[in-house]
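Taking it in order: structure first as structure tokens, then the write-up.
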Amino acid sequence: MNEKESTHGLWMESSKHMAGCILASIAHAIFVANNPDFAYEHSWDDDHYSTNDGQGCRGTVTFGQDIFMAGFRNEEFVEEIIEASDLLIEASEKVKQMAINDTFHYLLDDVDGVVIPVVTTILWGDDSRVFSSHPYEEMMERGGSLLEIQASVYKIGLEYWEEYYELTESQLALLEKLYHLKIKKSSQAITLSHEDIQVLDTSNMEGIEESKISFSEIGIDWSDNDCFI
Numbered sequence: 012m013n014e015k016e017s018t019h020g021l022w023m024e025s026s027k028h029m030a031g032c033i034l035a036s037i038a039h040a041i042f043v044a045n046n047p048d049f050a051y052e053h054s055w056d057d058d059h060y061s062t063n064d065g066q067g068c069r070g071t072v073t074f075g076q077d078i079f080m081a082g083f084r085n086e087e088f089v090e091e092i093i094e095a096s097d098l099l100i101e102a103s104e105k106v107k108q109m110a111i112n113d114t115f116h117y118l119l120d121d122v123d124g125v126v127i128p129v130v131t132t133i134l135w136g137d138d139s140r141v142f143s144s145h146p147y148e149e150m151m152e153r154g155g156s157l158l159e160i161q162a163s164v165y166k167i168g169l170e171y172w173e174e175y176y177e178l179t180e181s182q183l184a185l186l187e188k189l190y191h192l193k194i195k196k197s198s199q200a201i202t203l204s205h206e207d208i209q210v211l212d213t214s215n216m217e218g219i220e221e222s223k224i225s226f227s228e229i230g231i232d233w234s235d236n237d238c239f240i
């Protein structure tokens, strides 16, 4: 299988992909404070971002120092058994190792008693070029569409998450504030103030715990004095 260079304007800079994933995750952390049943939609594990639409599509993006690797699974295509390693034939050795050692571990499943990565398409690249295992439209159908908003420019992402999560005006302002803080001070811990937590407007105990988890995964903590609202 030959690699396809993605020339679509959305898929050109890995640094913007990470920023888009952070924006999505902050919006999600705000939302789940009142809607804990949707906690599965976005999560982080170190440099690995995972997303799940709850309708048969899931994916994980691993961010390296200068490259990223994304693997996706769309259940509509899993009957077309493709060895995950076959999707990597044209990738560099560095990308292959990132996929095998990291990304694919988040896409494991039991197939006839054997636990293997079940992947229907992959995407990888850096700040200059992005490649996929399938032509653009097919890559999107096979699961790549999960990353479409995260790969969009900031304004598009912000408008999308505002509508998708039905954020209030104050919650949208909080999303913008936390996003810019996180991008500017990516390695520094951020703590939500009492006023920030009040904006979440929740008394849902399960939601509070899920929101804390989601925020903590991206280095944002609740104030110790605001365990409950």
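Its first residue numbered 12, the sequence shown is counted upward by one per residue in my numbering.
Backbone N, C-alpha and C fix where the C-beta goes; we use that ideal spot for every residue, glycine too.
Query, Result
"Unbroken beta strand (DSSP E) run spanning residue 61, endpoints", "59-63"
"Residue nearest to residue 118 in terms of C-alpha spacing, selected from 183, 61, 148 and 46", "61"
"Other residues of its chain near residue 130: CB distance less than 8 Å, five sequence neighbours each side excluded", "82, 83, 84, 93, 95, 98, 115 and 118"
"Boundaries (first-last residue) of the alpha helix (DSSP H) holding residue 203", "Element bounds for residue 203: not the alpha helix (DSSP H) but the beta strand (DSSP E), 201-203."
"Close Cβ partners of residue 86 (< 8 Å) along its chain, the five nearest in sequence each way excluded", "67 and 68"
"8 Å CB neighbourhood of residue 194 in its chain, flanking five on each side removed", "30 and 33"
"Proximity to residue 201 [Cα-Cα], best of 232, 41 and 76", "232"
"Residues that DSSP places opposite residue 119 in a beta bridge", "128"
"Distance, residue 185 Cα to residue 91 Cα", "43 Å"
"Distance, residue 206 Cα to residue 120 Cα", "43 Å"
"7 Å Cβ cutoff met for residue 179 and residue 44", "no"
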